[in-house]
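These notes are about the structure you will find just below.
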Amino acid sequence: MNLTDPISNALTIIRNGSMAKKIKVDIQFSKMTEEIFNILKREKYIKDFKFIDDKKQGALRVYLKYTRNEEPVIKGLARISKPSLRVYVKKDKIPKVFGGLGIAILSSSRGIVTDTQAREMQAGGEVLCYVW
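Be aware that the sequence shown starts at 1, since it is given in this note's numbering, and climbs by one per residue.
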């Protein structure tokens, strides 16, 4: 199945999986989504993820994280830049999500980074999504 926006598809699967209290979800593999999940794991929004070889394109199995009260750690996900409307920011206009309680994930010239990393590197880029 050819997807026009694999990032949006991945975020929707994560959102639906966490609302349904799933332990794990499978998402079609792409390098961009793999980098996004690396950031989500590093920022402790998900437990872990791993590559599943299905003899085709492959899939990423993402293990969702919940609090002690069985509430999802990821409260919300928002896709900002879309294939139909790209959103770019300069280094001095990098957004803060909920006053710094969430993260913005950007695609910069130095790779996929969080808003904090982009500010440290003094680099702008395309705003992919917000996670809180």
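Ideal Cβ placement from N, Cα and C applies to all residues, glycine included.
Quick caveat, the model's predicted, so the values are computed rather than measured.
So residue i and residue j are supposed to be a Cβ contact under 8 Å. How far apart are they, rounded?
i      : j      : result
Leu106 : Asp115 : 7 Å
Val89  : Gly111 : Contact flag wrong, Cβ pair sits at about 16 Å.
What's the C-alpha gap between residue i and residue j?
i      : j      : result
Ile80  : Val127 : 6 Å
Lys21  : Ile46  : 13 Å
Gly102 : Phe51  : 26 Å
Val25  : Asn38  : 16 Å
Ala78  : Lys55  : 31 Å
Gly58  : Glu34  : 11 Å
Arg61  : Met121 : 31 Å
Gly190 : Ala104 : Past the edges of the chain, shown from 1 to 132, lies residue 190, and the structure says nothing about it.
Between residue i and the rest of its own chain, which residues show a CB-CB distance below 6 Å, the 5 nearest in sequence each way excluded?
i     : result
Gly76 : Trp132
Within its chain, find whatever has a CB closer than 8 Å to the CB of residue i; leave out the 5 residues flanking it on each side and keep chain order.
i     : result
Thr67 : Val73
Asn9  : Leu3, Ile27, Gln28
Glu70 : Lys21
Met19 : Pro72
Between the Cα of residue i and those of the options, spot the shortest distance and give me the residue it belongs to.
i      : options                     : result
Lys82  : Arg61, Val25, Cys129, Thr12 : Cys129
Asp48  : Lys65, Glu35, Lys55         : Lys65
Val113 : Ser18, Met19, Thr12, Arg42  : Arg42
Asp5   : Phe98, Val97, Ala104, Ser84 : Ser84
Under 8 Å between the Cβ atoms of residue i and residue j?
i      : j      : result
Tyr63  : Ile36  : no
Met32  : Ile14  : no
Ala118 : Ser109 : no
In its own chain, which residues sit with a C-beta less than 7 Å from the C-beta of residue i, not counting the 5 before and 5 after it?
i     : result
Arg86 : Glu126
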